[in-house]
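At position 55 of the sequence shown the residue is numbered 55 (full-length UniProt numbering), and the sequence of numbers has no breaks.
Ideal Cβ placement from N, Cα and C applies to all residues, glycine included.
Here is the structure we will look at.
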Amino acid sequence: MEKIRIQKIIAESGFCSRRKAEEYIAAGKVTINGRPCTLGDKALPGKDLIVVDGIKIAQPRKRTLYYIMLHKPRGYVTTMNDELDRKCVTDLLQGLPERVYPVGRLDKNSEGLLLLTNDGAFANDIMHPSKHVSKTYRVTVRPDINDEQLVKLASGVEIDGRMTAECSVVVLDKQPGRVVLQMTIHEGRNRQIRKMCEAVGLEVARLKRTAVGPLKLGMLKPGEYRELKPDELRAIRTAITKGK
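Take a look at the structure:
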């Protein structure tokens, strides 16, 4: 039997995504047969004892893969559990026989389309910057917006010491004291949309993700979820391959 990288074993067990597993390893929270491991270490699935943050990793088995679309309501955090006892998105999922975890994040005050899965490779592909999978948001800002601000948002602004990539910005609605924008980005930086708007002097009053690649939130109500349809799964896999 060939040894496999620790992060892949952890991801395939359904414990968390491969990227999250790498974070656990880097933080020194993963052991193999009682010894701390480092990034790059390998193990024999089902033979070596792997423990992540005190939890024994189950032996990888043939399992059903789930791909879930959730309409995340405001007020929920996109973590599996929270030390501050805040409401977690996984509290909304009932009756799934497999543990799934969020693909990327939406901050507590944001809402909209969130994908969850137990397919570590799929999650990694969606989040990896090289895949350029688009994410579309409906953003309500205050108080108003001018052409200069629109150009800056579309062409790129500096946040956290780096310029953002070019993105699409469309004005959907304009009323006194508020403007509704549709913004499509191909990055996934932390709180990116909020920080971009703040960088050009706009206050974000509401932020809703409406699409990830070709997947659209549609009429799914806040707190509701469903499995992706076969054609949706094919479409998002195509988008990952083509980087859209």
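Open item on the list: Nearest by alpha-carbon distance to Thr78: which of Met219, Pro230, Val169 and Lys108 is it?
Closed with: Lys108
Open item on the list: Quick check on the DSSP output: what are the complete beta strand (DSSP E) runs of length 3 or more inside the region 135-216, in order along the chain?
Closed with: 135-142, 168-175, 178-185 and 203-212
Open item on the list: If I measure Cβ to Cβ from Ala26 and keep anything under 7 Å in the same chain, skipping five residues before and after, which residues do I get?
Closed with: Leu39
- [ ] Could you give the DSSP three-state label for Thr241: helix, strand or coil?
- [x] helix
Open item on the list: To test your reading of the DSSP string, which unbroken beta strand (DSSP E) runs of 3 or more residues are found completely within the region 5-75?
Closed with: 30-32, 50-52 and 67-72
- [ ] Return the CA-CA distance between Leu220 and Lys152, expressed in angstroms with no decimal places.
- [x] 33 Å
Open item on the list: Would Gly112 and Arg209 qualify as a contact pair, given that the criterion is a beta-carbon distance under 7 Å?
Closed with: yes
Task: Beta-carbon proximity check, Val139 vs Met183, cutoff 7 Å - done: yes
TODO: Could you check the C-alpha separation between Ile50 and Ala43 for me, to the nearest Å?
DONE: 8 Å
Task: DSSP bridge partner residues for Glu232 (one or two, in chain order) - done: Note: Glu232 sits in no beta bridge, so no partner.
Task: Among Gly28, Ile185, Val212 and Val100, the one whose alpha carbon lies nearest that of Tyr67 - done: Val100
Open item on the list: Quick check: the Cα distance between Tyr24 and Ala205, rounded to an integer number of angstroms?
Closed with: 34 Å
Open item on the list: Please report the distance separating the alpha-carbon of Leu84 from that of Gly75.
Closed with: 13 Å
TODO: Can you say whether Leu172 is buried or exposed, counting buried as having 16 or more other CB atoms within 10 angstroms of its CB?
DONE: exposed
Open item on the list: For a cutoff of 7 Å on Cβ pairs, would you count Met80 as touching chain B?
Closed with: Note that chain B does not occur in the displayed structure, where there is just one protein chain.
Open item on the list: Restricting to Cα atoms, I'd like to know which of Ala239, Gln59 and Met69 is closest to Asp125.
Closed with: Ala239
Task: Collapsed DSSP secondary structure at Thr117 in the structure displayed - done: strand
Task: Residue nearest to Pro45 in terms of C-alpha spacing, selected from Ile10, Ala235 and Glu158 - done: Ile10
Task: Contact set for Leu202: own chain, Cβ-Cβ below 6 Å, skip 5 residues either direction - done: Val141
Open item on the list: Whole angstroms are fine: how far does the CA of Glu187 sit from the CA of Ile159?
Closed with: 13 Å
Task: Same chain, Cβ closer than 8 Å to Ala165, five either side skipped, listed in chain order - done: Gly156, Ile185, His186 and Glu187
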